[in-house]
Amino acid sequence: MCKGDHTLCHCEGFIKLNPIERCEYIKQHNLCYNCLVPGHSAYRCRLKMSCRKCNKRHHTLTHQSTPMTSSNQPGNTKEQDKDIETQQDAAKTNVTLSSHVTATSSTAILATALVPVREHESGRVTVLRALIDHGSQATFMSERATQMLRLKRTPVNGTITGVGSTKTNVKHTAEIQLLSRHDASFNFTVKTITTRFENCDTLQELLKAIVYCKRFLKGRKMENKDLPLNTEELDDAMKTCLRMTQKDSFEEEIENLKTKRPIKKQSKLNNLKPYLDDDGILRQKLMTDFWHRWQQEYLSRMQQRSKWHHKVKQFEIGHIVLIKADNLPPAKWMMGRFVDKHPGTDGVTRVYSVKSGDSVVQRPFNKLCYLPIDTE
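According to the numbering used here, the sequence shown is numbered sequentially starting from 58.
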């Protein structure tokens, strides 16, 4: 209307008009009655908003209140007196009830501000009303404001926890620029605290930063910041890093394990059979690896090793042994008998021929387990 750099709903000339004149202006310029933008009708408008007064499909500035109709026709005096008496009785009843029932109501006054907002791509400026919350850790925008500014949204998946542990899901993020109402050239960039953690080149530096943050949150004085770090604090910082990392990647799986619900079949952790330990860290029972190490390391130490310890008596022809097999448990190892020796150039026998069943195989010394059985 005034050809200013703002939307029609924020135009002072349009606001000064009465609802009838506003509707006439919208009709003459073929604007949408819902979003006040040309190019479509209110029936095809994609903006999910309605009148704040009647909740109908039109803009609040075009709302026309229904005129009050009054009747000046003469009526029966007795009926009017009867109505007056009934109203007086009702009023008396209300006073009597209000004297016995007390209802307390509190009104909270929140700080707000009119903030010019510039859309990142188109550069269009719109004045929005912002709610100032000094304890908020993030900036949020309503779906209505996002659609009115036609912002480009990026899909995200997050949860916001508010007062009273109430949770709200966040589905999109958008980028805007806040401007000054007094000086258009004013420009100030606020750095987020997360950029400081990106400067940690090593894990040890990150653990130290977490320990100092926890010390500060526990209320320690700043003069104790040079106090040496102990192993308990570093171990607690490591557990904190593990919990944060696992929550970012497997938030749904961890929540299911906490509530003792099964993990979905589509999850990458389904075949690993994970569990949560006492510190809330996601872990896996490596039964196969433990069995493999027990078979390779522990069982082999049950017999003497002449190579690493001391010289022992060589096996003789006819002794009974067990033939090791890496793919079988010890209870299924085959039994055999020495039938031949194959000494080396130094005169030490390290390879033997063993007969097991109808076949004869050659095996090194470390693949045979001697059984102290009397062959005579």
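C-beta atoms are modelled at their ideal positions from N, C-alpha and C, and glycine is treated no differently. Only a predicted model underlies this, so the values are computations on that prediction, with no experimental measurement involved.
- When secondary structure is reduced to three states using DSSP, residue 76 falls in the helix class.
- Residue state for residue 113 is assigned as coil, using DSSP reduced to three classes.
- Looking only at 298, 387, 404 and 81, the smallest Cα-Cα distance to residue 426 is reached by 387.
- Comparing C-alpha distances from residue 172 to each of 180, 77, 164 and 189 shows the shortest one belongs to 189.
- The beta carbon of residue 224 lies closer than 8 Å to those of 216, 217 and 218 in the same chain, with the five residues before and after it left out.
- Taking C-beta atoms as the reference points, residue 93 and residue 66 count as a pair closer than 7 Å.
- Taking 8 Å as the upper bound for CB-CB distance, residue 83 and residue 119 are in contact here, some 7 Å apart.
- Closest option to residue 211, judged by alpha-carbon separation, among 395, 105 and 227: 227.
- Judged by DSSP in its simplified three-state form, residue 400 adopts strand.
- Between the region 257–269 and the region 284–294, the count of Cβ pairs shorter than 8 Å is three or higher; the stretches touch.
- Under a 10 Å Cβ-count criterion, residue 355 is classified as exposed, with fewer than 16 other Cβ atoms of the shown protein chains found around its own Cβ.
- Listed in chain order, the non-local C-beta contacts of residue 96 below 8 Å within the same chain comprise 89, local neighbours out to five positions each way being set aside.
- Nearest neighbour of residue 317 by Cα position, chosen from 206, 333, 106 and 200, turns out to be 333.
- Shortest Cα-Cα distance from residue 168 to any of 201, 191, 181 and 182 involves 191.
- Inter-residue distance for residue 91 and residue 182 is about 20 Å (C-alpha atoms, whole angstroms).
- Here residue 94 carries a coil assignment [DSSP, helix/strand/coil].
- Separation of residue 107 and residue 299 (C-alpha to C-alpha, rounded to the nearest whole angstrom) is 47 Å.
- Residue 350 and residue 203 have their C-alpha atoms some 58 Å from each other.
- Between the alpha carbons of residue 383 and residue 420 lies a distance of about 13 Å.
- Its Cα nearest to that of residue 385, the residue 348 stands out among 308, 348, 411 and 372.
- The alpha carbon of residue 64 has as its nearest neighbour, out of 335, 207, 235 and 75, the alpha carbon of 207.
- Residue 395 and residue 414 have their alpha carbons spaced roughly 12 Å apart.
- Here the alpha carbon of residue 236 sits roughly 46 Å from the alpha carbon of residue 336.
- Listed in chain order, the non-local C-beta contacts of residue 205 below 6 Å within the same chain number zero, local neighbours out to five positions each way being set aside.
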